[in-house]
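Quick note on numbering: full-length UniProt numbering labels position 303 of the sequence shown as 303, and the sequence is numbered without any gaps. Cβ atoms here follow ideal geometry from the backbone N, Cα and C, with glycine treated the same way.
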Amino acid sequence: VSRSRLDKCFFEAGGSQDADLALCRCEDGVETALQYAKMWCRYAKDLLAWMEKRIGLEQEFAKNVMKTAEGAKANVAQQVQLCLLAMAAKKNEIDKWRREFKEQWAREQKRMNDSVASLKKARHQYYQRCDELEKAKAISAKAVDDATGMKTLDKRRKSKDEAKSKMTDAELQYKQCVNDAKIQQDDLVRVKERIISHIRKLICQGDTVLKEATVNMFYYQRQQTEPVPLGYHNLEVTCRSLEPGEPYLLYILSKRRPEQPIQVFSFQEYVPQGKGYGELNGVSMSGKKLKEDISLSSLPNPTWELNCMAPSSPSPAEFIDSQPVKVRTLSRAALTHRLKKTKSKMIKCRQCDNYIVVSGVECEECGLALHRKCMEVCQLECEHRKGTVFGVDLSLLLRDRPEQVPFVVLHCTSEIETRALTVQGVYRVSGSKPRIQKICQAFEVQKEQVDLSDLSPHDITSILKHFFKELPEPLLTFDLYNSFIGVGKSIQHLSERELTPDTNEIMDIIDSLQKLLQKLPLYCYSTLQHLISHLQKVSENEENKMSPSNLGIVFGPTLLRPLVSTDMPMIALLETSYQAVLVEFLITHHDKIFGVQQRSSTPPPPVPTAPLPDTPPRASCALDGEVYAGSEHETSSREIEQSRESQARVIYLTSRHPMRQWTSSALKPMREQVGGL
């Protein structure tokens, strides 16, 4: 990943600011950031120990094997120092700052706690002085009414004045403590934001150094270790795909906590016992002391100022998943999507390429994710609406030449047979989902012009599996599902015997499969023959460890699946083994099953220029589905037969599954085939 793309994807206002804001709103935001920094330092320490041990073993191996050990040792040591010094320095720097930030945060929290304690103490003293003043006033008034001596009256008046003076001092001290608490609260928020921002920057810098160190280490090992360059190259690619700060952002978003309210401290008037607020606001109250009134509010939102400047009149609103949102003018491309509120925690906007933390929508059909503000300028139409390769029925994809194989299958199998037959687990290991989506989109646009030479073999095999999974109807069609499962059961029972299966029994199964395969449409038969032939070539190479049984497990549920399997999940689960056994049998006996029949996708012979000799009378043949050149009567009879088969297939599917809602899109390929004939 280039530096410019990294800056665009993460360091802009999308990811880092959202992560900082999410931590600032949490009560334990600083503790979470410090915890991740501590985890990062431990990981870097373990990685340094592993690198040092590995490099030591490499040096010892080089001494015993290589003749030029001294020169190689000097070069390796120099490269090692370049990797270790930078990484060790960054680890020490992050650890030092982590301790410093921890101490700063502890000091600020202690100051805040002291301010709150002083505030409570001053409030208690203020209330106590007010009680003393009220008592002094009551005693003085009683002395005046009783007409006591002047000496006693002066003493009571002096006591009242002293109580009033103490109450005034306590009131001033209480107000000062309230102001100090507010100031300390603001300082605590600023320190929290500063610590979180610095920790995030340090983590990003550490990830950058970690990425450079690991990439350089594996890169030089790949250059120096010739027998296993591919393994180190894979390690290099794995480390290179890391974006600095992305694990930190994922960690923060996964630790989302409730927002922390901020206490607002305010001065409260004293209410003496037995009196109310009648003189102030005309509302009588009980004689109890007022409790502490603390209003709660969250941290300021970055969009608060924009909302304040907006007009106060209510704007129209729409609802996405029962949530009111502002109505925005959608672009023409955005109108092609079925939008709903996004539920994912970590996705990128396809328009601006920034992370979506809040306020995002996604398409229910194609999965396109956007910010709400990006819907106005979206230029990406719904892929589900304009797809012409993936998810399309084979009868429509091969409408002109049903005897051919889809170009996606041809491209992928050719590339795999060229350079990936020795890759271990070539069909078992899945590829990268983002890269697969991009390649599928390229197939939709460029068709046969897509270049697969620079792609990972696992990405290519994942595209091939994705193509067959997205077919509305599998290669082994729905109407023949029970028949194929019956053959799979026969193969399973045959393989469970202790004795070696009889050749006649195997030939009976091959004959049954040939008859069933003959009932498939021509485009399904051609594609299946090409795929099974390719899988046989893959299974013949022992280095990839993809035996026919492993390939059967991978492709069984893809090539043969029931129309509705949710009604009886246990039966569908048991039938999975029969699907795998059937595909394994097709791969193992490919030559016998497909070699006897000539129903393949081979191109027709060239048109003869010389007159043809007389054709001898055609002998009877059991292969009634074979295509040959005949009279017009034979051609018309074949078309009528295909039309009847298609009509019977529609009636069979609708009658077999009456509870399934057959939409026009599901029956459209069948109707077009019937109408065309």
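Residue(s) in a DSSP beta bridge with residue i
i: I347; result: I356
i: V423; result: V423 is not bridged to any residue.
i: C363; result: L339
Range covered by the alpha helix (DSSP H) that runs through residue i
i: K158; result: M150 to Q224
i: K340; result: Counting along the chain, K340 falls outside any alpha helix (DSSP H), though it belongs to the beta strand (DSSP E) covering L339 to K341.
i: K438; result: K433 to Q446
i: residue 679; result: Since the displayed the chain opens at 1 and closes at 677, residue 679 lies outside it and no answer follows.
i: C374; result: Unbroken run through C374: none, as it is neither H nor E.
i: D591; result: H590 to G595
i: S254; result: E246 to S254
i: L396; result: L394 to L397
Span separating the alpha-carbon of residue i from that of residue j
i: E269; j: D353; result: 55 angstroms
i: A49; j: F218; result: 16 angstroms
i: Q529; j: F594; result: 7 angstroms
i: Y523; j: Q446; result: 22 angstroms
i: L253; j: I94; result: 22 angstroms
i: Q437; j: R419; result: 22 angstroms
i: K137; j: D154; result: 13 angstroms
i: D18; j: L335; result: 28 angstroms
i: L574; j: R401; result: 37 angstroms
i: residue 695; j: K465; result: Limits of the chain in this structure are 1 at one end and 677 at the other, which puts residue 695 out of reach.
i: L494; j: F484; result: 15 angstroms
i: E246; j: I491; result: 50 angstroms
i: I356; j: Y248; result: 15 angstroms
i: L34; j: Y481; result: 58 angstroms
i: L397; j: V429; result: 28 angstroms
i: D459; j: D186; result: 53 angstroms
i: Y220; j: A213; result: 11 angstroms
i: A37; j: C349; result: 28 angstroms
i: K90; j: L210; result: 9 angstroms
i: H337; j: R200; result: 36 angstroms
i: K592; j: M546; result: 21 angstroms
i: S298; j: L421; result: Summary for S298: the model assigns pLDDT 35, below 50, so the residue's position carries little reliability, and this model does not support an answer.
i: V30; j: Y127; result: 36 angstroms
i: P244; j: V65; result: 38 angstroms
i: V116; j: L380; result: 55 angstroms
i: K135; j: F267; result: 23 angstroms
i: M507; j: P474; result: 26 angstroms
i: G552; j: F468; result: 14 angstroms
Whether residue i touches residue j by CB criterion (8 angstroms)
i: L370; j: G360; result: yes
i: F443; j: V408; result: yes
i: I196; j: D20; result: yes
i: Q579; j: G431; result: no
i: C239; j: V215; result: yes
i: C440; j: F478; result: no
i: A163; j: R129; result: yes
i: I416; j: P457; result: yes
i: R156; j: A170; result: no
i: C382; j: E365; result: yes
i: P548; j: T588; result: yes
i: I183; j: W40; result: no
i: Q424; j: E543; result: yes
i: L84; j: M51; result: yes
i: E108; j: V191; result: yes
i: N476; j: L394; result: Contrary to the premise, residue 476 reads as Leu rather than Asn in this sequence. The answer is no: Cβ separation not under 8 angstroms.
i: C177; j: S118; result: yes
i: S526; j: E403; result: yes
i: S140; j: K160; result: yes
i: M112; j: L133; result: no
Opening and closing residue of the beta strand (DSSP E) in which residue i lies
i: V264; result: I262 to V264
i: L370; result: A369 to H371
Residue i CB to nearest heavy atom of the ligand PLP below 7 angstroms
i: D131; result: With respect to the ligand PLP, the structure offers nothing, as it holds no ligand at all.
Inset, instruction - Please list the segments of the beta strand (DSSP E) lying wholly inside the region 470 to 558, counting only runs of 3 or more residues, in order along the chain. - result: none
Legend entry - Sequence ranges, alpha helix (DSSP H) only - wholly within the region 79 to 113, length at least 4: none
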